[in-house]
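Student: One structure is given below, represented as structure tokens, and several questions about it will come after.
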DNA sequence: CTTCATTTTTAGACAAGGCTAAAAATTAAA
DNA sequence: TTTAATTTTTAGCCTTGTCTAAAAATGAAG
Ligand SMILES: [Mn+2]
Ligand SMILES: [Mn+2]
Ligand SMILES: [Mn+2]
Ligand SMILES: [Mn+2]
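Chains as they are written, first to last, in the numbering used here: chain A, 67 to 284; chain B, 67 to 284.
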């Protein structure tokens, strides 16, 4: 039905739509996919013909219901495979993304269903991201960026925005992972840095770090 | 290193080399890959440039050590994934080949190693085919086609040559699977058909079937 | 040793996806 | 509102892997 390249475009546009009001711009897609705007224009026109997105020259693009569902299907597979890699094969959470980028394109409805069952129908992947259901629906949870919290607020880490190895390994060093409880002890107005408490430890967190940790306040 | 198409060519040539004396012909590759001879010539020339096979115009091709090792690596992945699908995801042995055709191209050394370990370092896939080790070595076992056996010989089914769904489902109906013990009760000279005993049942087996079952005589 | 069928290779074309350079629209600035 | 900067599209080219049609080599038969 859809080629590997097409699936990657749909996935990128799906993610971009999340934090964009209105259509997704050609350049933003090119940025995210690490490709050239001219290539994006070509592909977007092809995908419009296929009915998975709507496109008007010079205005952005928007996924159709069909497009959104297709993208969600790919993301579902990506996240299920990540769970498999971490839970079953004992990969570390910073090692699985690249492999899942490949596995997400394996075509077999039956495989996905069995994998889902085998993993115990997980709701979240190893980075705290929700796994879409068979119909492409994602139940979104209440979560804020750590940077949005104020002094004395408590919460539990439920996800990461950045998923680079460097960032995840940095979190490991600080013993922060999905499920970690923490408290904001102080916040520096000047540079957005914070002092947080994790278990018995307290330490300094840069603004950048705080902007990449999702917290559910408690 | 190698594209999906290249890997598939290497795999096909590897298999063809098994039952061919001398080089593998262009047409035989085209047949196996369901493609045109002209396409094969193109690809084979490219692969020769890459040093994975030797090729002289109008003579067949032969894999180099490097080519054989690469092919074995792909086959190793194919068979490990088949074991995963059957042992862990409870697929039936006639359902896994197509999916493994996709999974065999996933590129990650680490993934293969962990999968191998997770599966308990299996020696054979669900169809009785040996799984090459990390270095591409296959330890070959003594096995004959059922059609080579003569009256009164006993043996155990250790593999299938054909792996089509139809054939495997036919075997299921007869309660024949890897590990099944059987005895040749009679063999018809005229058409190569046989009467065999499996457990308490005895039944008729066509020549075609007998030529697609591997037996280890006991 | 010719001749003819078969096998294999070459030549030329095409679709998918990508890129560069240049043109056209849009948006921001003056 | 005219100009300038930015964004987006178009035009043309490239690579991979495929195909068809035609040419060339090989091998079998007479
Ligand atoms: Mn990921
Ligand atoms: Mn993830
Ligand atoms: Mn198989
Ligand atoms: Mn197999």
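In this text, a Cβ means the ideal position worked out from N, Cα and C, and glycines have one as well.
For clarity, every value in this text was computed on a predicted model and none was experimentally measured.
Which residues of chain B have a Cβ atom closer than 7 Å to the Cβ of residue 142 of chain A, listed in chain order?
Tutor: In chain order: nothing, as chain B lies at least about 16 Å away.
Student: Could you give the distance in angstroms between the alpha-carbon of residue 123 of chain A and the alpha-carbon of residue 125 of chain B?
Tutor: Roughly 54 Å between the two C-alpha positions.
Student: Let me check understanding here. Comparing Cα to Cα, which of B:277, B:266, B:247, B:114 lies closest to residue 260 of chain B?
Tutor: Of the listed residues, the one whose Cα sits closest to residue 260 of chain B is B:277.
Student: Restricting to Cα atoms, I'd like to know which of B:165, B:94, B:102 is closest to residue 128 of chain B.
Tutor: Answer by Cα proximity: B:94.
Student: So the candidates are B:82, B:143, B:116; which of them puts its Cα closest to the Cα of residue 202 of chain B?
Tutor: Taking only the C-alpha atoms, the option nearest residue 202 of chain B is B:143.
Student: Find out if the Cβ-Cβ distance for the pair residue 138 of chain A, residue 192 of chain A is shorter than 9 Å.
Tutor: Not closer than 9 Å, so no.
Student: I'd like to know whether the C-beta atoms of residue 27 of chain A and residue 221 of chain A end up nearer to each other than 9 Å.
Tutor: Because chain A in this structure spans residues 67 to 284, residue 27 of chain A falls outside the shown range and cannot be described.
Student: Mind pulling the beta strand (DSSP E) runs of 3 or more residues that sit fully within the segment 225 to 271 of chain A?
Tutor: Correct list: 247 to 253, 260 to 264, 267 to 271.
Student: Would you tell me roughly how many angstroms separate the C-alpha atoms of residue 293 of chain B and residue 167 of chain B, rounded to the nearest one?
Tutor: Within the shown structure, residues of chain B are numbered from 67 to 284, placing residue 293 of chain B beyond reach of any answer.
Student: Starting from the N-terminal side, write out each stretch of the alpha helix (DSSP H) that is 4 residues or longer and does not extend beyond the segment 75 to 122 of chain A.
Tutor: Within the segment 75 to 122 of chain A, the complete alpha helix (DSSP H) runs of at least 4 residues are 92 to 99, 103 to 115.
Student: Along the chain, where does the alpha helix (DSSP H) containing residue 212 of chain A start, and where does it finish?
Tutor: Run containing residue 212 of chain A: none; DSSP gives neither H nor E here.
Student: With respect to the beta strand (DSSP E) encompassing residue 129 of chain A, which residues constitute its N-terminal and C-terminal limits?
Tutor: Run containing residue 129 of chain A: 127 to 129, per the beta strand (DSSP E) assignment.
Student: Spell out whether any CB of chain B is found under 9 Å from the CB atom of residue 161 of chain A.
Tutor: Yes, contact with chain B.
Student: Look up residue 221 of chain A in the DSSP assignment and say whether it is helix, strand or coil.
Tutor: The answer is strand: DSSP assigns residue 221 of chain A an E or B state.
Student: When you compare the CB of residue 145 of chain A with every CB in chain B, is at least one pair closer than 9 Å?
Tutor: Output row for residue 145 of chain A: interface = no.
Student: Taking residue 165 of chain A as the reference, which of B:164, B:180, B:165, B:153 has the closest Cα?
Tutor: The option with the nearest alpha carbon to residue 165 of chain A is B:180.
Student: From the DSSP output, in three-state form, read off residue 283 of chain B for me.
Tutor: DSSP places residue 283 of chain B in strand when its eight states are reduced to three.
Student: By the DSSP assignment, the alpha helix (DSSP H) with residue 154 of chain B in it spans what residues?
Tutor: Here residue 154 of chain B belongs to no alpha helix (DSSP H), and DSSP marks it neither H nor E.
Student: Ordered along the chain, which non-local residues of its own chain (more than five positions away) have a Cβ less than 6 Å from that of residue 231 of chain B?
Tutor: Only 160 meet the Cβ criterion.
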